[in-house]
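*Asks:* Have a look at this one.
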Amino acid sequence: MKAICRIFAVGIRTAILTTTVLAGMASASGQVQDAGAAWNGIVNALPGKQTGKDKGASHSTDWATLASKAAAYRKDFPGSANARSAEAIELTALIHVAKGKITSATRKRAEAYIADGGNAVRDRLGLEITVAQADFGQAQHLSRSELLKAQAAHAQRLMSAYPKEPEGYGYQLSIAKAEEPGRGRELAEQLLKSGASEAIKKGAQRVVDRSKLVGTKLNLRGAERLVAQSRGQVLIVYSWSATDQGFIRLVKSLARGSEVRFIGINLDPDKEKAKVLAKTLGAPGWQVYDGGGLDGLVATDLHLVLPTSLYVIDREGIVRVVDGHVDPASRLSEVLAVKGGKS
């Protein structure tokens, strides 16, 4: 879960920084040439902003240099339209330099910047996300459920403080997907009633629909025979794609001889390549090549919210677990321990 939310947060922080500085470049054109050159130097040092021969190459961001450039820009061009954005970039870079261990001085400056309504909304939002994610990264004492609760509170804070911006809604959706079904459904239903985009609401509806599968008979269009043949045994249904091959190793570790059967749902568009890959990886069980990603026929029946998902079905064909990718061995053992398939 930490990885999921961290990936999401890094992506939106980078997008916010890039959007902010590109918007500011237009105003920089009216400044003296030195100011424009200095600002371009900051822009080109941002994550994902390599150009020319460096474009597409793998580069790690030199946060210390970026912080220094942004601080120098503020000092040399205090009246520039980009000076305030430069401070947001400087503070973001300082937090990265400290590897998330925010100093008291940096935190004080960041909190003042976020509270100042005179600063651009996107700058304030991006910095607030950076601060929160740094704090979450240091919260090693929290359990998974405690961390999810804290992250959900942060998402709701973002939705309240920045209702017209998409990041808070998207963040809450990522948490809803990772939560246990009941809590995930609660968070998703909040999104359905919010000002979130239709794309976010579509994802939230999938979370709600997935939770409703628990306690119902498994139905997989096109794979009915496979499901029927597994009756009397515990069945694991898992989804996978070429981009998450490591998930196959996790699934294979759940083999329990004749006690457990598997159905794999491959989501890749190229079915022939997927068939070859399944053999190469030794993907366990019957394989269904859906071909449509999360919108494929079988994926839709499962209301998949993540490409790598794992469901556990009891001996009577009833869905018992829809979030088995979280602690899968324990979730499987719970179903196996129930004789006759009743839970």
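This note's numbering puts the first residue of the sequence shown at 3, with every later residue one more than the last.
In this text, a Cβ means the ideal position worked out from N, Cα and C, and glycines have one as well.
(1) Which runs of the beta strand (DSSP E) fall wholly inside the stretch 266 to 309 and span at least 3 residues, in chain order?
(2) Does histidine 143 pass the burial test, meaning 16 or more other C-beta atoms within 10 Å, or should it be called exposed?
(3) Spatial neighbours of tyrosine 2 within its chain, please: C-beta separation below 6 Å, excluding the five flanking residues on both sides.
(4) Kindly provide the ranges of any alpha helix (DSSP H) runs that are 4 or more residues long and lie completely inside the stretch 93 to 127, ordered along the chain.
(5) Given a threshold of 16 other Cβ atoms within 10 Å of its Cβ, counted over all protein chains shown, does aspartate 325 qualify as buried or as exposed?
(6) In the structure shown, what three-state DSSP assignment does serine 311 receive?
(7) With which residues is serine 241 paired in a DSSP beta bridge?
(8) Check each candidate in Val340, Ala47, Leu312 and Ile320 and name the one with the smallest Cα separation from alanine 180.
(9) Counting along the chain, where does the alpha helix (DSSP H) carrying valine 209 start and finish?
(10) Tell me the residue span of the beta strand (DSSP E) that contains threonine 322.
(11) Among Arg76, Arg333 and Gly293, whose alpha-carbon lies nearest the alpha-carbon of aspartate 36?
(12) So, do the stretch 249 to 269 and the stretch 286 to 300 have three or more beta carbon pairs nearer to each other than 8 Å?
(13) Would you mind reading off the limits of the alpha helix (DSSP H) that contains glycine 197?
(14) Just mark arginine 208 as buried or exposed, buried being the case when its beta carbon has 16 or more other beta carbons within 10 Å.
(15) Leaving out the 5 sequence neighbours to the left and right, which residues in its chain are closer than 6 Å to asparagine 42 when beta-carbon positions are compared?
(16) Apart from the five residues on each side of it in sequence, which residues of its chain come closer than 8 Å, Cβ to Cβ, to lysine 71?
(17) Count the other CB atoms, across all protein chains shown, that sit within 10 Å of the CB of valine 278; report buried if there are 16 or more and exposed otherwise.
(18) Is it buried or exposed for alanine 331, if we count other Cβ within 10 angstroms and need 16 for buried?
*Replies:* So, from the listed chains and residues:
(1) Fully enclosed beta strand (DSSP E) runs of 3 or longer: 288 to 291.
(2) Exposed, because fewer than 16 other Cβ atoms sit within 10 Å of the Cβ of histidine 143.
(3) Past the edges of the chain, shown from 3 to 345, lies residue 2, and the structure says nothing about it.
(4) Within the stretch 93 to 127, the runs of alpha helix (DSSP H) that reach at least 4 residues and sit entirely inside it are, in chain order, 106 to 117.
(5) Within a 10 Å sphere around the beta-carbon of aspartate 325 sit 16 or more other beta-carbons, which makes this residue buried.
(6) Serine 311 sits in coil when the DSSP states are folded into three classes, being neither helix nor strand.
(7) Its beta-bridge partners are Ile267.
(8) Proximity to alanine 180 across Val340, Ala47, Leu312 and Ile320 peaks at Leu312, based on C-alpha coordinates.
(9) Annotation for valine 209: the continuous alpha helix (DSSP H) segment containing it runs 200 to 214.
(10) As written in the sequence, residue 322 is arginine, which differs from the threonine given in the question. Here the beta strand (DSSP E) through arginine 322 covers 321 to 323.
(11) The residue with the shortest Cα to Cα distance from aspartate 36 is Arg76.
(12) Pairwise C-beta distances place the stretch 249 to 269 in contact with the stretch 286 to 300, as three or more of them are shorter than 8 Å.
(13) No alpha helix (DSSP H) holds glycine 197; DSSP gives it neither H nor E.
(14) Under this definition arginine 208 is a buried residue.
(15) None.
(16) Shown here for lysine 71: same chain residues with a beta carbon closer than 8 Å to its own, the five before and five after excluded, namely Ala40, Gly43, Ile44 and Ala47 in chain order.
(17) Around the beta-carbon of valine 278, fewer than 16 other beta-carbon atoms lie within 10 Å, marking it exposed.
(18) The residue is exposed, with fewer than 16 neighbouring Cβ atoms inside 10 Å.
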